[in-house]
Amino acid sequence: MNLDTSNKQECKKILKELVSIMNSKAQYSDVLVMEVSELSVTKDFATADVSNAGELGIKMRAFDGEKFFEKFTTNLGYDNLRNTARELAKEIKTIKPRIKIADKRLEKHFSDKPEINADKVSLAKKVVVIEKTLEMMKKQKHLRNARVIYEEGKIFKIFCSKNRFLTQKLSKVLALCYAMVQSETGELRYCFEHAFRPGFEATAEIAKLAQKASEEAKKLIRAKKVTPGKYHCILGPAITGLLAHESFGHGMESDTVYKQRALAKDWIGKRIASNFVSIVDDPSMKNCNGSYYFDDEGQVSKPTYLVKDGIVNDYITEMLTSHKLKARRSANGRCESFDHKSYARMSVTFFAKGKSNFKDMIKKVKDGFFLYGRGGGMEDPKGWGVQIQGNTVQRIKNGKLVDEYYDDVGITGYLPAILGDIKEVSKEFEITSIGRCGKGHKEWVPVSEGGPYLRIENLDLA
Amino acid sequence: MIDKIKKALEKEKIDYWEISQIDVERSNIYFELDEQESYLSGKGRDVFITVYKKFGNSLGEASVSIKEDDDIKKKVREAVLAASLVKNPFYVPFAKHGVCPKSGCSGILGYDEIRKKALEAYEEMRNKKEKLNALEIFTKKTKFAIINNFGEELVQEKSGAYVEAVITSKGSRGEQEYVPMRSEGTLANINMKEFIDKYSETAREISNSTKPSMFKGSVILSGDAIAEFFVPTINENPLVIHSAARMKYLKISRFEAGKQIVPEIIGDKITIISNPLVRDGLRSSDFDDAFVPAKKIALIENGIMKNFFASKRYADYLKIEPTGPLGNIEVLPGETAENEMRKDGVCEIAGFSSFAPNVYSGDFTAEIRLGYLYKKGKRISFRGGMLVGNCIDLMKNIKLSKETFFKSGYYGPKAIMFGKAVVSGV
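So the sequences go chain by chain: R and V.
Each step along the first sequence adds one to the number in this note's numbering, with nothing skipped, and position 13 is 295.
Each step along the second sequence adds one to the number in this note's numbering, with nothing skipped, and position 196 is 199.
Written out as structure tokens, the structure reads:
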């Protein structure tokens, strides 16, 4: 007999039994069941692809007071699951008194509520939406190629410990339009626009996304390279989010702090930016790629202020290092999949809204740049060096955006100096939901980031 | 389960089908500071089918994964429906495979063995001033089996290993870290003592480094930086991406077969080879999912685009021979001694924080974790700033060292010198 994830009561019975087997030797144990299905429809000017991938597996962990022994399997036969739990119990030789994991009683069941359930929409309709959008992009003569993508994800998770039984159903639909042009200097350049919702409603404005991507791509034909130097800049929400996530957020992950590789430890309680600057990680923010109701260690989602009113405030944590650091446990213990370990990971990370107006912020820049569009970055929690690369940039002259564009622009510098140079935060606010985040170059989890527009002086661009 | 799937597929009107089964076994150990934090192990299986349906000159195809308890007939029908909704230009999905090479599989380590490896690293660190703040060692074994509607069946087993460490050092610039990562086909290819020795020194140099000013001139990439340049951890180098038949077919590649990859070359002429046959190589494999046997091919030879690497699909579209899977990246060495490159007025980069070029344009900006400036006979270390350039355009003026090494799927010169490059300061 195999574990049937659609039968909640039966699941609870068998998972509690597995926990009980492990707890015969372990100080604490838990079980995580993950079931994921991902439909992808992709079409470009020359090819089309459809795939429907999925996985179902289980991870069990037994804790001896110091360390976890973890085992995963995709064989959900009851006998195999019981044997796996017994093997883990055997790994526990002695109980160490060092850390006692809290396990408060809780049973809850969560589910996303899409406006249009994607399951109720036929695959044929999904394909037609993609085809029509691509046909529209084909009419744009300046495009060298374009790609329209429909991605639909369903994630079902069950967490079970001695005192907890939690389930969550997450639904994600991403509509994505890439537009590619050849620049005047011969390189290929691209941009994209996307919409993210829990249901098929994500495709409602796909034609507008395609149009915007085509228009933005046109600007890249004449895009130039920026001359490296310090500039007065406005950062758009996508870049603001990268700054919050890559440059700051990674350094606030409790496992990074425990490994003594985060400068943030010396800054807790200290001012790093003006009092109108706050940075938040909030997995409970609804309808984002990085949203969830509880983390992979059974902690229910709540926001964490990493920076509050300019002061470095609190870490995001996973189970083990929150105990080791005696830090508040937040819902940030996440794993890439059931065959990976959980780490402290960000979810939806952003600068909080400010009070300024974007248009007025532009007016204050005599000669500088507006950074927007795609980009990526890399963390440096120990040195707090900033690396954000691949940004699209528009020139600002005498307080006005002018028709002059730059591509693949990088931001570098020292994080506290950059945060200290934030002069204004806009009330306009936007979360982007297309990203995946790695711990270094691995352990990929879905995240969202974004926030308001920021005005920053003396920003190093290259 | 495979027999049930075969029966279900045979009942449907499908022109071609393929079943893939991937079995993965992992054994991973994690240390925080000098404490073991976790040990994770287990086995997993993924099964998926790809079905192909002919529509005149078109071919519809779709892939669907199948889990143990799925209604297999329903899943097959879903795949057939999906295949009827997307139509690509026709191609023959499978090659006649013949004999496939064997690139080896070393298996994985058990708990006691992997823990012993980790403790070796801590032991090596014991007498150093630097500190090993974290260590992760992963080993993996993968068995990949494919079957198609012609009754052909291929199986390959591969192993993989990954080591990541956090090494910190205190110096004139305060406490600094280096996070070395190394992926190989087997843990036997990673000498833990050498790994710790080399990267302790790197961390020490970073902790005593300066901040760079703007630099324009000759820039050498060495060590981790050259390996990451040619085999970035995320995506491929644009030189490799633009050598893909898929990119050629999609009119994205800048390269033309038989022509130089850049209009003018004034330095060494680069040769880049895809080699999936390296014994226990990280990117070695025996065949691809279209049953095409792996083989060694020159992508770029003496600066000229030689062979586009091509899956069966894009080979048929471009009317060229399929090449099988992309493999380890070999770059042929030059004739210059590494140390001859290191002279006054030159900048050297030994490590990036991350090298993630734009694969289409080839442009990149990469933050420097460790670099050196050669001034008045001295080597001055620095960290920070960014190397700015274009992976393809830089090939106009390069020098390659005659000394070689391998790391994480890269086999080639220990150093490359770009005649003209820019490092932004901080």
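Ideal placement from N, C-alpha and C gives every residue a C-beta, glycine not left out.
K402/V and I371/V have their C-alpha atoms some 21 Å from each other. For a cut-off of 8 Å, the C-beta gap from L302/V to I275/V is around 5 Å, short enough to register as a contact. Straight across, the Cα-Cα distance linking F408/V with E167/V is about 19 Å.
Shown here, S566/R sits in coil according to DSSP, grouped into three states, outside any helix or strand. Taking 3 residues as the minimum length, the beta strand (DSSP E) runs contained wholly in the segment 269 to 297 of chain V are 275 to 278, in order along the chain.
In the displayed model, D685/R falls within a strand according to three-state DSSP. Just so you know, the alpha carbons of A359/V and E35/V end up roughly 28 Å apart. Boundaries of the alpha helix (DSSP H) around G523/R: P519 to L524. The criterion of a C-beta distance shorter than 8 Å is not satisfied by T205/V and Q542/R.
With its beta carbon at least 8 Å from every one in chain R, T274/V lies outside the interface. Short of 7 Å from the beta carbon of P728/R, and not among the five residues preceding or following it, lie these beta carbons of its own chain, in chain order: N571, G572 and R718.
Taking a Cβ-Cβ cut-off of 9 Å, the neighbours of S427/V in chain R comprise P510, G511, G692, T694, D742, L743 and A744, given in sequence order.
Here S612/R really is in contact with T599/R; their C-beta atoms are around 5 Å apart, less than 8 Å.
Counting of Cβ neighbours within 10 angstroms places I5/V among the exposed residues, the total staying below 16.
Identification of chain V residues near Y540/R by a Cβ-Cβ cut-off of 8 Å yields E35 and L36, ordered along the chain.
Under the 8 Å criterion on CB atoms, I199/V is classed as non-interfacial with respect to chain R. Where M462/R is concerned, there is no enclosing alpha helix (DSSP H), although the beta strand (DSSP E) around it starts and stops at R446 to Q464.
For the C-beta of G220/V, not a single chain R residue is nearer than 9 Å; the gap to the nearest is close to 14 Å. Contacts with chain R at 8 Å (Cβ-Cβ) do not include S162/V. DSSP places M660/R in the uninterrupted beta strand (DSSP E) bounded by G658 to M660. Per DSSP, reduced to three states, the secondary structure at N31/V is strand. Note on the segment 90 to 160 of chain V: whole alpha helix (DSSP H) runs with a minimum of 4 residues are 114 to 128, in chain order.
Inter-segment contact for the segment 344 to 355 of chain V and the segment 207 to 226 of chain V is present: three or more beta-carbon pairs are separated by less than 8 Å. From the listed residues F438/R, M419/R and R553/R, the smallest Cα separation to R429/R is found for M419/R. When the Cα atoms are used, D289/V and E528/R turn out to be separated by approximately 38 Å.
DSSP, read as helix, strand or coil, puts F441/R in strand.
Residue pairing by DSSP puts N673/R in a beta bridge opposite V691/R.
Where L242/V is concerned, the enclosing alpha helix (DSSP H) starts and stops at P241 to I244.
Residue state for H424/R is assigned as coil, using DSSP reduced to three classes. Taking a Cβ-Cβ threshold of 9 Å, the residues of chain V close to V409/R are A85, L88 and V89, in chain order. By a beta-carbon distance limit of 8 Å, H605/R does not contact I412/R. Their separation comes to about 47 Å.
The Cβ atoms of S364/V and R471/R lie closer than 8 Å to each other.
Taken atom to atom, the span from the alpha-carbon of V281/V to that of S106/V is near 6 Å.
Within the DSSP secondary-structure output, P728/R pairs in a beta bridge with R718/R. The distance from the Cβ of I738/R to that of I704/R is about 5 Å, consistent with a contact at the 8 Å cut-off.
When the five nearest sequence neighbours on each side are left out, the beta carbons in the same chain lying within less than 6 Å of the beta carbon of P328/V are those of P279, S288, D291 and A297, in order along the chain.
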